[in-house]
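Only one structure is covered here, and it is reproduced in the block below.
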Amino acid sequence: MAIKSTIFKAELSVSDMDRGYYATHELTIARHPSETDERMMVRVLAFALHAEEYLEFAKGISTDHEPTIWRKDFTGAVQDWIDIGLPDEKWLRKACGRSTAVTLYTYGGSAAEMWWKANEALVARLNNLAVMNIPQEASKALAKLAERNMSFSVSIQDGAILFSGDTDMVAVELHTLKSANGRVN
Numbered sequence: 001m002a003i004k005s006t007i008f009k010a011e012l013s014v015s016d017m018d019r020g021y022y023a024t025h026e027l028t029i030a031r032h033p034s035e036t037d038e039r040m041m042v043r044v045l046a047f048a049l050h051a052e053e054y055l056e057f058a059k060g061i062s063t064d065h066e067p068t069i070w071r072k073d074f075t076g077a078v079q080d081w082i083d084i085g086l087p088d089e090k091w092l093r094k095a096c097g098r099s100t101a102v103t104l105y106t107y108g109g110s111a112a113e114m115w116w117k118a119n120e121a122l123v124a125r126l127n128n129l130a131v132m133n134i135p136q137e138a139s140k141a142l143a144k145l146a147e148r149n150m151s152f153s154v155s156i157q158d159g160a161i162l163f164s165g166d167t168d169m170v171a172v173e174l175h176t177l178k179s180a181n182g183r184v185n
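At the far end of the sequence shown sits residue 185, using the working numbering, and the numbering has no gaps.
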């Protein structure tokens, strides 16, 4: 018998001064049995960074042909494809062909660094792909905020991200590995 996903609930209040976006989202998060608290909280962070009315979690980890998060237009075309982890370069090429914009969030310290060294040249020509790295200290600190019922406030200003829970807060400084215009940093 297969183990079922664990359901988490999160109230996410986003104040993104950089984009002028202010809203609260009620999220239902299905955590796959193989998913860690760290990965789940990186998903919540990615949602906050791209938050808008039509953004939604896809089936992600349990479905091979969907991202972690996406935004579709009214015709069903994918506008924003947001994924996390260390995917295969072929997967990223496929995602870039299916969406207007693709953002990948890597995490995991030295594993993410090794993945980037192996894939940097391969993904350089994918002009609609942005790759951001979340430092391991930040992703581990986010994991400690995970609870079955959560409430977070996320403030974003001048690229600085402050992720606050009921018991603690985490400052996250993303590292841009590749911007969406094709420039590699």
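By construction, the Cβ of each residue, glycine as well, lies at the ideal position given by its N, Cα and C atoms. Note that the structure is a prediction, hence the values are computed from the model and not measured.
Arg-148 versus Thr-28, Asn-119, Lys-72, Ser-15, residue with shortest Cα-Cα distance | In the sequence shown, residue 148 corresponds to position 148, counting from 1. Of the candidates Thr-28, Asn-119, Lys-72, Ser-15, the one whose C-alpha sits nearest the C-alpha of Arg-148 is Thr-28.
Beta-carbon contacts of Val-184 that lie in its chain and below 7 angstroms, excluding the five residues immediately before and after = What you label residue 184 is simply residue 184 of the sequence shown in a count that begins at 1. Since pLDDT at Val-184 reaches only 49, below the 50 mark, its modelled position is unreliable, and no value is offered.
Thinking Phe-152 and Ser-139 are a contact (beta carbons under 8 angstroms), I'd like their distance in whole angstroms, please.
-> Along the sequence shown, one-based indexing puts residue 152 at 152. Along the sequence shown, one-based indexing puts residue 139 at 139. Actually they are not in contact, since the Cβ atoms of Phe-152 and Ser-139 sit about 15 angstroms apart, beyond 8 angstroms.
Straight-line Cα distance separating Glu-89 from Met-17 = The residue you call residue 17 lines up with position 17 of the sequence shown. The residue you call residue 89 lines up with position 89 of the sequence shown. Distance between the alpha carbons of Met-17 and Glu-89: 33 angstroms.
Own chain, CB closer than 6 angstroms to Leu-122, minus 5 neighbours either side, in chain order = Here the question's residue 122 lines up with position 122 in the sequence shown. Contacts found: Glu-89.
Identified DSSP bridge partners for Glu-120 = Counting from one through the sequence shown, the residue named residue 120 turns up at place 120. Answer by DSSP bridge pairing: none, since Glu-120 is not bridged.
Sequence-distant residues of its chain with Cβ nearer than 6 angstroms to Ser-15 (five each side left out) = Numbered from its first residue, the sequence shown carries residue 15 at position 15. Cβ within range, chain order: Tyr-22, Ser-155.
Contact check, Met-41 vs Ala-180, beta carbons under 9 angstroms = What you label residue 41 is simply residue 41 of the sequence shown in a count that begins at 1. What you label residue 180 is simply residue 180 of the sequence shown in a count that begins at 1. No, Cβ-Cβ distance for Met-41 and Ala-180 is not below 9 angstroms.
Status (buried if at least 16 other CB within 10 Å, exposed otherwise) for Ile-161 | For the purposes of this step, residue 161 is taken as residue 161 along the sequence shown, with counting starting at 1. Buried: at least 16 other Cβ atoms inside 10 Å.
Find the nearest neighbour of Asp-168 within the set Glu-53, Ala-141, Phe-47, judged by alpha-carbon distance.
-> Taking the first residue of the sequence shown as 1, we reach residue 168 at position 168. When each option's Cα is compared against that of Asp-168, the closest is Ala-141.
Beta carbon of Ala-101 nearer than 9 angstroms to that of Trp-81 = Position 101 of the sequence shown, counting from 1, holds the residue named residue 101. Position 81 of the sequence shown, counting from 1, holds the residue named residue 81. Yes, these two residues count as a Cβ contact at 9 angstroms.
Length of the line joining the Cα atoms of Trp-116 and Ser-13 = As a first step, residue 116 is located in the sequence shown; it is residue number 116 there, counting from the start. As a first step, residue 13 is located in the sequence shown; it is residue number 13 there, counting from the start. Spanning the two alpha carbons is a distance of roughly 32 angstroms.
For Ser-110, count neighbouring C-beta atoms within 10 Å of its own C-beta (all shown protein chains included) and say buried if the count is 16 or more, exposed if not.
-> Here residue 110 is taken as the residue at index 110 of the sequence shown, counted from 1. Classification for Ser-110: exposed.
Which residue's Cα is closest to the Cα of His-32: Thr-68, Pro-87, Val-78?
-> For the purposes of this step, residue 32 is taken as the residue at position 32 of the sequence shown. Considering only alpha carbons, the answer is Thr-68.
What do you get for Asp-158, buried or exposed, if any count of 16 or more other CB atoms within 10 angstroms of its CB means buried?
-> Here residue 158 refers to the residue found at position 158 when the sequence shown is read from its first residue. Exposed, by the Cβ-count rule.
May I ask you to list the residues that DSSP assigns as paired with Asn-133?
-> Here residue 133 refers to the residue found at position 133 when the sequence shown is read from its first residue. In the DSSP output, where bridge partners are listed per residue, Asn-133 has Thr-106, His-175.
Kindly list the residues whose CB is nearer than 8 angstroms to the CB of Met-132, restricted to its own chain and excluding five residues on each side of it in sequence; keep chain order.
-> Working through the sequence shown from its first residue, we reach residue 132 at position 132. So the qualifying residues of the chain are Thr-103, Leu-104, Tyr-105, Thr-106, Leu-174, His-175, Thr-176, Leu-177.
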